[in-house]
Amino acid sequence: MKTINITTKVTITLLISFIAIFNMEAQELIFSDVFEYKNQIATYNSFKKLLNNPTDIESHIKQNIKNDEKILDTLFDFHAIYDIPISNLVNNLIDLGNEQNVFPRMIYTKDLNPTDPLWSPHLQEVKTQFKMGRIEETYHYVFYKVPIVNDDGSILIKWNLYDSIDGKFEYNYGSWYLKEIIENGKSYTYVRNYVHYEMKNYPGYVFIGMKLGGRKDSKNFFKALQKAAQ
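Read in order, the letters of the sequence shown are residues 24 to 253 in this note's numbering.
Below, the structure is given as structure tokens:
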């Protein structure tokens with residue numbers, strides 16, 4: 024019977040390892056094509072009331088039970104109008120590695136595909152932190168973000184949850200929508216932010232904190248974006 028020499032064994036072992044790693048990476052690159060997002064201007068009655076004033080379109084914070092687990096179902100849909108070029112605003116939204124320097128509660132962000140074209144889909148690793156007094160709750164997850172330039176020149180950046188690293192999210196969807204509008208012959212940018220997520224087995228103080236400050240947090244995201252874009 025023929026024996027396999029050491030070199031051949033090593034080669035076979037490396038080949039098997041390479042195939043295993045390739046298969047694992049191939050599985051990791053399977054992204055969900057399920058999104059929730061808003062890709063249009065919502066109805067509003069007053070241009071003046073929306074100018075520099077993030078306003079609630081729809082929101083809810085609900086406690087539910089699913090498969091014997093506590094679920095916190097949270098949805099925020101806000102919009103505003105800014106006297107800022109759309110390009111200035113968008114630049115801050117597609118700079119995925121810098122968002123912790125723009126938005127409150129974000130303590131870490133990283134673009135996991137930094138060499139890919141800017142307007143292609145990217146994975147973004149994120150850590151956010153919720154604080155209430157001395158109590159802190161941190162969330163660690165990865166978004167799959169897809170930027171789109173619509174035929175009318177408006178821009179949509181949508182995302183879904185690629186990985187809840189700490190297992191705290193059931194799902195997490197959202198979008199930024201921006202469109203240039205004209206009012207009295209002058210150009211402005213309409214901005215809409217939509218988020219919808221479910222937390223699993225969350226501490227009770229998170230529900231209280233969201234009820235007390237969730238809508239304020241959404242407004243603060245708009246204000247932070249406005250400040251960064253000016």
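Where a beta carbon is used, it is the ideal one built from N, C-alpha and C, also for glycine. On a predicted model such as this, the values are computed, not experimentally measured, just so you know.
Arg215, DSSP secondary structure in three states: Strand, per DSSP.
### Task
Starting from Asn111, follow the alpha helix (DSSP H) in both directions and report where the run begins and ends.
DSSP places Asn111 inside the alpha helix (DSSP H), whose first and last residues are 109–116.
**Asked** Would DSSP call Asp91 helix, strand or coil?
**Response** Residue state, collapsed to three classes: coil.
Reduced DSSP category for Gly208 - H, G, I as helix; E, B as strand; rest coil = Coil at Gly208, not helix or strand.
Could you check whether Ala103 and Thr78 sit closer than 8 angstroms to each other, using their CB atoms as the reference points?
Between Thr78 and Ala103, the CB-CB gap stays under 8 angstroms.
Applying the criterion that 16 or more other CB atoms from any shown protein chain within 10 Å of the CB defines a buried residue, is Asn46 buried or exposed? Reliability fails at Asn46, whose pLDDT of 45 lies under 50, so the model's placement of it is uncertain and no value is given.
Practice item. Would you kindly report the start and end of the unbroken alpha helix (DSSP H) that includes Asn15? Key: Outside the displayed range of the chain (24 to 253) lies residue 15, so it cannot be described from this structure.
TODO: Examine the Cβ distances between the segment 116–129 and the segment 145–155 and report whether three or more of them are shorter than 8 angstroms.
DONE: Enough Cβ pairs lie closer than 8 angstroms, so yes.
(Q) Is the beta carbon of Lys223 closer than 8 angstroms to that of Glu291? (A) For the chain, the structure presents residues 24 to 253; residue 291 sits outside this window and is missing.
Label Phe101 either buried or exposed according to how many other C-beta atoms from any shown protein chain fall within 10 Å of its C-beta, with 16 as the threshold for buried. So Phe101 ends up on the buried side.
- Among residues of its own chain, excluding the 5 on either side of Leu38, which ones have a beta-carbon nearer than 6 angstroms to its beta-carbon? Because Leu38 sits at a pLDDT of 43, beneath the cut-off of 50, its placement in the model cannot be relied upon, and the following sentence gives the value as read from the coordinates. Hits under 6 angstroms: none found.
Notebook entry, point to check: Among Ser82, Glu92, Asp118, which residue has its Cα nearest to the Cα of Val169?
Noted result: When only C-alpha atoms are compared, the closest one is Asp118.
- Would you kindly work out how many angstroms separate the C-alpha atoms of Ile158 and Gly227, rounded to a whole number? Straight-line Cα distance between these residues: approximately 11 angstroms.
Residue interval of the alpha helix (DSSP H) (run including Leu179)
First-last for Leu179: 178–187, but that is the beta strand (DSSP E), not the alpha helix (DSSP H).
For Phe99 and Val214, believed in contact at Cβ under 8 angstroms, the rounded distance:
By a beta-carbon distance limit of 8 angstroms, Val214 does not contact Phe99. Their separation comes to about 14 angstroms.
(Q) Determine whether the beta carbon atoms of Ile84 and Gly236 lie at a separation below 8 angstroms. (A) Judged by their CB atoms, Ile84 and Gly236 are not nearer to each other than the 8 angstroms cut-off.
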